[in-house]
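Novice: Here it is: the structure, laid out below.
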Amino acid sequence: MSRRFVAAGIGAVIALGFYMILGALSPAPARLIVASPMESSAITLHAPRIPVIDPTPARLVIPAISVDAAIEARGLDSARNLATPKDYREVAWYSLGPRPGDPGNAVINGHVNWWTGDAVFTHLSRLRVGDEVRVVRADGHAVVFKVSNKRTVDANARIPSLFASSPESTLTLITCSGTWNPVTQSDTQRLLVTATLA
Amino acid sequence: MRHGLAATVALLVFLAGGQVVHAAGSQDLWPNGAPGNRANTEWRTDSYGGGLLVRRTLVKVFLQSGEVLLLGSSAIGQGTSDILVWNPGLVTGLIGGENVSAVPSFSCNSQRSGAQGQITSRSEELLGPDTIPAGGVVGGYVPCHYAAPSTGIYDIAFVGPSGFSANTDGTVAADVALANPTDFNAAQGSSIAAWDATVRASLASPANIPGRVFTYYLALFTGGNGLPVYPTLYAVTSDSYRYQVNLRGMDPNGWLVYGNQRGFLDSDGATPLYHDAVAANLGSPGQLTNIQGGVSFDRPSFPLFFEPPAAATIAALGIAPVPTAPVMAGLVFIGNLSGNTSLVNNGGTFAYTSNVPGVYEIVISRDGLNFDPTNPNNRVLRGARPAGAQTVTWDGRDNSGAFFPVGSYQVHARFHGGEYHFPMIDVENDTQGGPTITLLNPPGGTCPLIAGCTSAFYDDRAYRTLNGTVVDAGNTVGNVLCGNSPPVTTFADPINGFDTSSTQRHYGAASGGNANVPCDPTGSFGDTKGLDMWTFFPSSTVLAPLNIVAAAADVGLTKTVSDPTPAVGSNVTFTITAHNGGPNATTALQVTDLVPSGLTFVSAAPSQGTYNAGTGVWDVGVLANGANATLQIVVTVNGTTPVTNTATRSAGTPVDPNPSNDSASSLVTGSTVPGLPNNGVPPLTLLWPVAAFLLILLSGFAARRLRSRSAPPR
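Written out as structure tokens, the structure is:
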């Protein structure tokens with residue numbers, strides 16, 4: 001057994017152990033869908049392939065409004081507001097909070113319009129309770145949510161519950177709504193769509 | 199022999215003044231032993247008040263179906279006299295000007311034979327109708343009779359010898375004893391000396407059913423002066439107060455007797471006058487065809503009974519059996535600026551509630567001590583209103599027409615139940631000081647006015663009407679009106695009243711004084727006048743203050759903050775707006791807004807004036823009526839402790855009458871929670887001007903390129 005093989009084996013064991021621990025810690029494990037089918041387990045002569053684990057959210061898929069967008073990891077801007085995506089076709093995941101599928105509320109925002117016209121969340125308001133929202137992770141797995149609530153809040157609102165810790169895994173999608181205020185250069189309200197694990 | 203004994207007993211009972219149930223009619227007005235003189239009852243075509251009140255006494259009677267009405271008069275058989283009856287609902291129109299058809303439901307002439315329907319003596323007048331068949335009331339007159347076909351209120355006209363549509367003064371003996379032939383012959387003209395309307399269960403019954411006969415006004419005629427009369431009447435107000443009215447020596451010639459809630463009306467045709475009406479020297483002043491100052495008669499509205507009214511009649515008139523004591527509450531003055539403050543010359547509105555319908559009386563005192571409603575420097579507001587919440591408008595003037603000056607004033611108000619006016623139209627003389635008005639059924643059993651249940655009011659002084667006219671012309675407001683021998687005491691205590699059983703208001707002479715010319719030297723005080731006397735049952739007095747200010751500017755502040763929960767360390771903008779709600783411009787206006795700890799001042803931007811961040815004073819300066827000024831203050835939020843930032847009006851002239859809007863605050867709470875993202879861009883519609891501008895630029899650029907390309911090569 002070469003040193004290289006030994007090192008690979010140790011790495012695989014560590015990765016498997018991490019994966020098992022992660023699963024044990026999750027009180028409401030997300031339903032994971034393998035985006036690319038694994039090889040058949042009927043071939044037992046080979047050693048089991050250890051999947052690469054990377055829960056970083058990579059794409060947001062909302063079939064009801066034909067959204068399939070890349071996810072940017074963003075934090076806060078200089079005014080301590082949620083940073084928006086750099087590309088109007090993409091969405092921004094608040095990377096200082098939990099990942100989608102982790103305990104707590106994951107926050108994703110996207111533009112409602114752009115200088116050129118529609119943006120990624122132009123039709124977010126059309127979502128209805130029960131619609132599916134899927135977050136595909138970097139490892140190819142998808143976490144599936146169902147829309148449970150919609151509400152609008154004042155644009156200036158600070159909503160502690162969005163960032164509060166919780167054993168539940170929820171997802172909140174945010175975009176602008178209301179009317180355009182030329183003084184503040186902002187729409188007057190925000191649309192918050194909440195989804196829970198399917 | 200047996201009949202003779204019965205007649206003797208009946209006459210003795212009458213002479214003894216026993217509890218005999220009289221028939222209703224002239225014998226009630228002039229009962230056995232009545233002092234003074236008799237007045238004939240009129241049915242004629244001319245009028246008082248310029249056609250308002252026709253000189254005809256329309257008698258009314260409440261009959262149950264099947265009951266019989268027995269009728270007689272001293273004029274039946276003379277000329278074209280008659281006694282007419284109309285079934286319920288046939289006589290229509292306003293009281294005093296009713297539509298009375300010449301075709302009645304019943305005519306005595308169409309029934310009578312022999313002496314039927316004739317009252318031929320004082321004895322017959324006092325005894326009333328005999329029964330049919332005769333003999334039930336020995337000595338009574340032989341009546342015409344009408345059986346009521348239905349239950350209701352019937353109308354009766356006693357027409358004199360001159361006929362239904364005549365206008366003949368006639369010769370009136372004016373003797374209570376009916377001893378003169380003119381009491382029974384055609385000389386009665388358009389009047390009759392004696393009449394009777396008696397209700398019985400049947401023709402054969404000798405028992406009278408009392409309290410059924412009444413009228414809304416009596417047109418009477420003595421044919422001269424020096425002939426005082428003493429009838430007693432019983433009035434019932436629409437709110438159930440019952441008054442006994444004894445004319446007590448009234449000495450008119452021809453006149454009306456009636457009662458209503460408002461007496462005479464001021465020049466607006468609605469406000470009770472609480473003074474006397476004085477005829478203008480036009481038309482027929484003795485009948486007040488034209489009245490000075492735009493004053494008019496209010497129509498009669500309360501039934502006058504000839505004996506105490508029966509409960510069944512009161513019920514048939516829709517009047518409750520007992521009155522309810524009035525209660526006035528919640529009196530407030532609503533100024534035209536705010537609260538109870540009005541700008542001078544503007545007046546305002548009083549609001550109150552009452553538990554019953556009636557008449558409000560609001561007195562604004564000039565000095566807070568004298569609440570005399572007739573004081574020229576005070577202001578009295580009076581009028582009839584329904585029960586419940588009501589408002590009364592005040593024009594800001596005193597009784598003399600001058601505006602109340604700047605100051606604070608006290609208001610006394612009370613509500614009148616049972617308000618009863620007893621106007622005396624063209625009553626030349628009343629040397630006894632009558633009438634005596636007695637409240638018979640005060641709520642709670644006690645009459646609150648100064649003289650108890652015989653209290654009332656009068657005011658025989660010159661006055662100014664709402665249209666500014668002084669009545670009588672040339673007189674001085676407050677002096678007694680024109681006419682010979684006015685009352686020595688020219689008005690009753692305006693708050694407490696006077697005793698109507700006294701002689702306080704006696705006026706005129708023992709005879710004469712009927713000049714029929716206003717203020718004629720030979721006319722007695724009551725000649726060509728309508729003299730009012732009124733009374734009421736007052737509520738307790740309620741109080742309310744009010745303020746009159748010279749000028750005012752109601753500066754109101756509002757304040758907003760750009761973000762009430764900003765991130766700690768970020769900036770927010772407070773916007774303070776000062777609005778002048780008027781009515782005057784304000785000058786030297788200052789608003790103070792010192793940035794509190796927890797916030798750090800960054801910058802300020804006033805729309806006018808200057809802001810000193812050290813003192814927090816914003817010198818706004820002048821702000822016109824209706825104008826706005828704004829101040830924007832940018833601050834940094836230092837922590838998560840909630841901070842209230844308050845702006846307050848701190849100076850300015852004139853006074854601000856409304857302190858409730860003189861400060862405004864905004865609460866800012868710094869937050870460590872992230873704020874929401876700004877995901878939007880301006881709507882495309884807002885970008886069209888930019889797009890158009892870019893298009894023009896591009897077009898120009900393309901044109902230049904085109905020109906350069908088409909230029910000839912160098």
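So the protein lines, in turn, are chains L and V.
Just so we're aligned, residue 1 is where the first sequence starts under the numbering used here, counting upward by one.
Just so we're aligned, residue 199 is where the second sequence starts under the numbering used here, counting upward by one.
Glycine is no exception: its CB is placed at the ideal position from the N, C-alpha and C atoms.
(1) Quick check: what's the CA-CA separation for Q316/V versus A585/V?
(2) Once DSSP output is grouped into helix, strand and coil, what is the label at C176/L?
(3) Going along the chain, which residues of the stretch 865–877 of chain V sit with their C-beta nearer than 7 angstroms to a C-beta in chain L?
(4) What residues of chain L sit near A765/V, judged by a beta carbon separation below 8 angstroms?
(5) Can you check whether the C-beta of T194/L is within less than 8 angstroms of a C-beta belonging to chain V?
(6) Between Q185/L and V133/L, what straight-line distance do the alpha-carbon atoms span, to the nearest angstrom?
(7) Could you pull out every residue in the same chain whose Cβ sits closer than 7 angstroms to the Cβ of C651/V, ignoring the five residues on either side in sequence?
(8) Anything in chain V within Cβ reach of S66/L, meaning under 9 angstroms, just list it in chain order.
(9) Beta-carbon of W115/L versus every beta-carbon of chain V: anything under 8 angstroms?
(10) Considering only the alpha carbon of each residue, which of A514/V, A749/V and F356/V lies closest to C342/V?
(11) By Cβ distance, which residues of its chain are closer than 8 angstroms to S801/V, with the 5 residues on each side in sequence left out?
(12) Assuming G277/V contacts S360/V (C-beta within less than 8 angstroms), just tell me the rounded distance between them.
(13) Which residues of chain V have a Cβ atom closer than 9 angstroms to the Cβ of T84/L, listed in chain order?
(14) Name the chain L residues that come within less than 7 angstroms of P840/V, Cβ to Cβ?
(15) What residue range does the beta strand (DSSP E) around D68/L cover?
(16) Buried or exposed, going by whether 16 or more other CB atoms sit within 10 Å of the CB of V287/L?
(17) Are E240/V and L418/V touching if we call contact CB-CB under 8 angstroms?
(18) Output, in chain order, the set of chain C residues within a Cβ distance shorter than 7 angstroms of P881/V.
(19) Which residues mark the beginning and the end of the alpha helix (DSSP H) in which Q225/V is found?
(20) For the alpha helix (DSSP H) holding E323/V, just list the boundary residues, first then last.
(21) Applying a beta-carbon distance threshold of less than 7 angstroms, which residues of chain V neighbour N109/L?
(22) Note down, in chain order, every chain L residue with its Cβ under 8 angstroms from the Cβ of P762/V.
(23) Going along chain L in order, which residues have a C-beta closer than 9 angstroms to the C-beta of S863/V?
(24) Could you please tell me which residues of the stretch 123–148 of chain L, in chain order, have their CB closer than 9 angstroms to any CB of chain V?
(25) Can you tell which of S869/V, G223/V and A827/V has its C-alpha closest to the C-alpha of R320/V?
(26) For D54/L, is the classification buried or exposed, using 16 other Cβ atoms within 10 angstroms of its Cβ as the cut-off for buried?
(27) With C-beta atoms as the reference, is P524/V less than 8 angstroms away from G615/V?
(28) Could you tell me whether any Cβ in chain L is nearer than 8 angstroms to the Cβ of S768/V?
(29) Considering only the alpha carbon of each residue, which of P302/V, R398/V, S279/V and Y607/V lies closest to T329/V?
(30) Leaving out five residues before and five after P27/L in sequence, what residues of the same chain have Cβ atoms less than 6 angstroms from its Cβ?
(31) Could you check whether the Cβ of T152/L sits closer than 8 angstroms to any Cβ belonging to chain V?
(32) Take P684/V as the anchor and find which of F723/V, A660/V and P716/V has the nearest alpha-carbon.
(33) Using 10 angstroms around the beta-carbon of A751/V, count the other beta-carbons present and answer buried if the total reaches 16, otherwise exposed.
(34) Could you check the C-alpha separation between N307/V and L579/V for me, to the nearest Å?
(35) Could one say the Cβ of T175/L lies closer than 8 angstroms to chain V's Cβ atoms, at least one of them?
(36) Which ranges would you report for the alpha helix (DSSP H) in the stretch 297–381 of chain V if only whole runs of at least 4 residues count?
Specialist: On the basis of the data shown:
(1) 49 angstroms
(2) strand
(3) S869, V871, P872, G873, L874, P875, N876 and N877
(4) A79, R80, N81 and R158
(5) no
(6) 30 angstroms
(7) T636, L637, P640 and C645
(8) Those do not exist, as S66/L stays about 18 angstroms from chain V at its closest Cβ, beyond 9 angstroms.
(9) yes
(10) F356/V
(11) I831 and V832
(12) 6 angstroms
(13) P875, N876 and N877
(14) The contacting residues do not exist; P840/V stays about 13 angstroms from chain L at best.
(15) V67 to R74
(16) Absent from the structure is residue 287/L, since the part of chain L shown begins at 1 and ends at 198.
(17) yes
(18) Absent from the structure: chain C. Protein chains present are L and V.
(19) S224 to L227
(20) R320 to L325
(21) P875 and N877
(22) N156
(23) What S863/V touches in chain L: nothing, since even the nearest Cβ is about 18 angstroms away.
(24) none
(25) G223/V
(26) exposed
(27) yes
(28) yes
(29) R398/V
(30) The predicted model places P27/L with a pLDDT of 38, which falls under 50 and marks its position as unreliable; any figure quoted below should be read in that light. Excluding sequence neighbours, P27/L sits near P167.
(31) no
(32) F723/V
(33) buried
(34) 53 angstroms
(35) yes
(36) 306–309 and 320–325
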